[in-house]
Amino acid sequence: MIGAPLFLTIVGLSGVVGGALLYMVLDNPIALLIGAGVIGATPFVVRNRLIELRVRNFNEALSEAMSIIVRMMRNGVGFEVALRRAVEISQSKLFQTLFAKYLREKDVISEEKAFENMYRHVDSAELRIFGLAITIGKSSGGKFSNTLEKLEQSIRQRVLLQKKVTVATREAKVGSYMIVGLLIFIFFILDSNFDGKIVEHFFHTKEGKFQMLLILVWVGVGLGINEKLTKVQR
3 MIGAPLFLTI VGLSGVVGGA LLYMVLDNPI ALLIGAGVIG ATPFVVRNRL
53 IELRVRNFNE ALSEAMSIIV RMMRNGVGFE VALRRAVEIS QSKLFQTLFA
103 KYLREKDVIS EEKAFENMYR HVDSAELRIF GLAITIGKSS GGKFSNTLEK
153 LEQSIRQRVL LQKKVTVATR EAKVGSYMIV GLLIFIFFIL DSNFDGKIVE
203 HFFHTKEGKF QMLLILVWVG VGLGINEKLT KVQR
């Protein structure tokens, strides 16, 4: 992951470059502010997307690993042996890395602190539930295979629900993009009816370029609000 100083530097440079480019094109101080704000915010959007994808992939790997652990424990295999095996065959590099580190640290710095170190790398509710169940189960000294089985079912259902939510959100986005595409189509139809005067105004005059910038910002804000409204939290 990129460190905070470097990330903030990227944000600052993006804002400066974006604002400068728009100011050079439009020669308008408002365009400078819009460019700096919009382009400067882009790294945050990309970062949040990557984190969201990272957590989603980790949760899927955790769900698959728990299914393996539960099946092995039903056949009499101990929890730790089953966990090590699940880590070895996992397709997720992040899952393998974090749990390999956990297995090395748990006997040195305690179970709780080893899980706390994992939470710093992945902000996953499923991982926290799993860690809490393991910590309580081991500290009680009792058999917690039944607890793990119920937990595995719960996490698997949460992962499946998240996949359905992702599909529904993607469908809503497609609808929004189709509307934007329709508006673009109507724009060029109208332009052809006015002998190219609309394109001439919006793309070849400073006033028109600035107006087009405001329209694009308005559309972008609308798409962002629509995404927030259609995004269902787990």
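Quick note: the sequence shown uses my numbering, first residue 3, plus one each step. Ideal Cβ positions, reconstructed from N, Cα and C, are used throughout, including at glycine. None of these values were measured; they are calculated from a predicted model.
Query raised in the report: On the three-state DSSP scale, how would you describe Asp193?
Result: helix
**Report entry** DSSP state of Ser16 mapped onto helix, strand, coil
**Finding:** Of the three classes helix, strand and coil, the one that applies to Ser16 here is helix, per DSSP.
**Report entry** Val221 beta carbon less than 8 angstroms from that of Val182
**Finding:** Going by C-beta atoms, Val182 is nearer than 8 angstroms to Val221.
Query raised in the report: How do the region 11 to 20 and the region 34 to 50 stand: do at least 3 beta-carbon pairs fall below 8 angstroms, yes or no?
Result: yes
Query - Inter-residue CB distance, Phe97 and Leu64 (contact presumed, cutoff 8 angstroms) - result: 7 angstroms
Query raised in the report: Measuring CA to CA, which of Leu24, Ile41 and Pro45 is closest to Leu8?
Result: Pro45
Requested in this report: Leaving aside the five residues before and after Val72 along the sequence, list all residues of the same chain whose C-beta is less than 7 angstroms from its C-beta, in chain order.
Outcome: Leu150, Glu151 and Glu154
Requested in this report: Mind reading off the beta-carbon distance from Phe205 to Lys211? Whole number of angstroms is fine, and I expect it under 8 angstroms.
Outcome: 7 angstroms
Query - Whole-angstrom distance between Phe132 and Ala67, CA atom to CA atom - result: 11 angstroms
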